[in-house]
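A.B. asks: Structure provided below as structure tokens; questions to follow.
Protein chains in written order, with our numbering: chain A, 1212 to 1586; chain B, 6 to 124.
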């Protein structure tokens, strides 16, 4: 793994017995000795600590100095209402391409005089180049390279973080704020990728290990790897970029239309004006041909990514494929997402072909596991 | 006990052998969430893919270790696949088979050879 990058927590992962695998150009822990299943259940029962330092952290401010100008600039690249995002708030967004496909999904926070973006690790260099190329003349952009990013997730996350940062608990779901721990400036948001209450914490690299150790010293906090991160987000019905959504799927096909606020839709104050608007607005009006849906396979056999899906138990061509799938430790059943013809409604039985056999699965609402956000 | 390179163990009683996967294999697989077993009465040839194990990470096959006939399967595994992690060489046996040629067992590894294989 010679050409892979390491996060500042690498040595701590090794010390904790993390099994390291290549992920998005980094060596990251896929699991610790506890194992994927127990890590997953621990996060839902207590608190899990995730190293997500491989993700991209980007600061963006308008050359004019007005955050409104930065917001309007970013709106040229995302079908999201950024101007309406209040100070101290964060929201989910998508970079779209000219064909209406998705280049990446990200979080955008309004931090008063500038915006803070968190993007996927595998896309961060291309996202930064994309921002520079399109907005570089009106905005200053900086990739943050001296901060780690940690996620603390689960019902005990609030109590755990409060011991170190008592005023962090003032935040509500999707709030962002700067808080102090020792002499470190923490950039905290109350959000995550598990469906649980929790926090994402950007911490200066030189404090990252001691901050992580302080959390891990608490009885309710355990380190959690990428394996459980994936099963947690899948139970929570959240997309994984590059799997459930990508450059070939529009936000409407990806079933993330909730991220496109009224202001950017037909008849809205700032209708369109983002890459691929023609296709995306048309699909919003007329419906897409296919859509990401949840599937609950009957029985226990998981249907994994790439599994072909059929309308009937015998004959016919595939109508789509599983985009993510596995076993949900909390729901104690297999679960999947699939991209299927949009006219199929919830409750419809389709068939995933697993090892040559077509097994039934029901189109089901997501999340599979109810979320626990503190609004 | 005898072992295969596919990390199966075989315990012989008369001409019936009980087959499961080793502790090493169950650790490598991670938490097992699904097991598909063959039907009793099936005649199998060495290396036929006859069982499927799905862990939280991936699917893998179990192949028939030798020629013979499946005489019994462990139905409990279907309801409680986690047994494969808890007790891989005991309660979590997969199937029992009647060997076509009992002497074929002699070609498999003993415990020392298996331990050397997994290092």
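Here a beta-carbon is modelled for each residue, glycine too, at the ideal position from N, C-alpha and C.
#1: Using 10 angstroms around the beta-carbon of residue 1471 (chain A), count the other beta-carbons present and answer buried if the total reaches 16, otherwise exposed.
#2: By how many angstroms is the C-alpha of residue 1446 (chain A) removed from the C-alpha of residue 1541 (chain A)?
#3: Helix, strand or coil for residue 1254 (chain A), going by three-state DSSP, please let me know.
#4: According to a CB-to-CB cut-off of less than 7 Å, which residues of the stretch 1304-1322 of chain A neighbour chain B?
#5: Would you kindly work out how many angstroms separate the C-alpha atoms of residue 1393 (chain A) and residue 1415 (chain A), rounded to a whole number?
#6: Determine the burial state of residue 1264 (chain A): buried for a count of at least 16 other Cβ atoms within 10 Å of its Cβ, exposed for fewer.
#7: Can a CB atom of chain B be found closer than 8 Å to the CB of residue 1541 (chain A)?
#8: With H, G and I counted as helix, E and B as strand and the rest as coil, what does DSSP make of residue 77 (chain B)?
#9: Closer than 9 Å by beta-carbon distance: list the chain A residues that pair up with residue 35 (chain B), in chain order.
#10: Does the distance from the C-beta atom of residue 1290 (chain A) to that of residue 1305 (chain A) stay below 8 Å?
#11: Taking the alpha carbon of residue 1434 (chain A) as the point to measure from, which residue in A:1214, A:1216, A:1220, A:1215 has its own alpha carbon closest?
#12: Residue 1535 (chain A): buried (16+ other C-beta within 10 angstroms of its C-beta) or exposed?
#13: To the nearest angstrom, how far is the alpha carbon of residue 1429 (chain A) from that of residue 1377 (chain A)?
#14: Using a beta-carbon distance cut-off of less than 9 Å, what residues from the stretch 1506-1528 of chain A approach chain B?
#15: Have a look at the DSSP bridge pairing and note the partners of residue 1359 (chain A).
#16: Does residue 1476 (chain A) have its Cβ less than 8 Å from a Cβ in chain B?
#17: Between the alpha carbons of residue 53 (chain B) and residue 63 (chain B), how many angstroms are there, rounded?
#18: With distances taken from CA atoms, which of A:1340, A:1353, A:1331, A:1381 is nearest residue 1360 (chain A)?
#19: First and last residue of the alpha helix (DSSP H) that includes residue 120 (chain B)?
#20: Distance, Cα to Cα, residue 1417 (chain A) vs residue 1386 (chain A)?
#21: Would the stretch 1293-1305 of chain A count as touching the stretch 1472-1483 of chain A if we require 3 or more Cβ pairs under 8 Å?
#22: Could you tell me which chain B residues have their CB closer than 7 Å to the CB of residue 1566 (chain A), listed as they occur along the chain?
#23: Leaving out the 5 sequence neighbours to the left and right, which residues in its chain are closer than 7 Å to residue 1358 (chain A) when beta-carbon positions are compared?
#24: So which residues of chain B does residue 1537 (chain A) contact, with C-beta pairs closer than 8 Å?
#25: Whole angstroms are fine: how far does the CA of residue 1426 (chain A) sit from the CA of residue 1370 (chain A)?
#26: Apart from the five residues just before and just after residue 1558 (chain A), which ones in its own chain have a Cβ nearer than 7 Å to its Cβ?
#27: What residues from chain A crowd round residue 39 (chain B), counting only those whose CB sits closer than 9 Å?
#28: Counting Cβ pairs closer than 8 Å, one from the stretch 75-87 of chain B and one from the stretch 43-51 of chain B, do we hit at least three?
#29: Can you name the start and end residues of the beta strand (DSSP E) that residue 1264 (chain A) belongs to?
#30: Do you know how far the Cα of residue 1530 (chain A) is from the Cα of residue 1519 (chain A)?
#31: Since residue 1247 (chain A) and residue 19 (chain B) are thought to touch, with beta carbons under 8 Å apart, how far apart are those beta carbons, to the nearest angstrom?
C.D. replies: In short:
#1: buried
#2: 8 Å
#3: Three-state DSSP puts residue 1254 (chain A) in a helix.
#4: none
#5: 12 Å
#6: By the neighbour-count rule (16 or more Cβ atoms within 10 Å), residue 1264 (chain A) is buried.
#7: no
#8: Residue state, collapsed to three classes: strand.
#9: 1242, 1246, 1247, 1248, 1438
#10: Contact annotation: residue 1290 (chain A) and residue 1305 (chain A) have beta-carbon atoms nearer than 8 Å.
#11: A:1220
#12: buried
#13: 15 Å
#14: 1510, 1511, 1512, 1513, 1515
#15: A:1414
#16: no
#17: 20 Å
#18: A:1331
#19: 116-123
#20: Distance from the CA of residue 1417 (chain A) to the CA of residue 1386 (chain A), rounded to the nearest whole angstrom, comes to 25 Å.
#21: yes
#22: By Cβ distance, chain B contributes 57.
#23: The residues are 1268, 1413, 1414, 1415, 1416.
#24: Within chain B, the residues 61 have their CB atoms less than 8 Å from the CB of residue 1537 (chain A), given in chain order.
#25: Between the alpha carbons of residue 1370 (chain A) and residue 1426 (chain A) lies a gap of roughly 11 Å.
#26: 1573, 1574
#27: 1510, 1511, 1512, 1513, 1538, 1545
#28: Note that the stretch 75-87 of chain B touches the stretch 43-51 of chain B; at least 3 beta-carbon pairs, one per stretch, sit closer than 8 Å.
#29: Neither: residue 1264 (chain A) is in no beta strand (DSSP E) and is coded neither H nor E.
#30: One alpha carbon belongs to residue 1519 (chain A), the other to residue 1530 (chain A), and they sit about 8 Å apart.
#31: About 40 Å separates the two Cβ atoms, so there is no contact after all.
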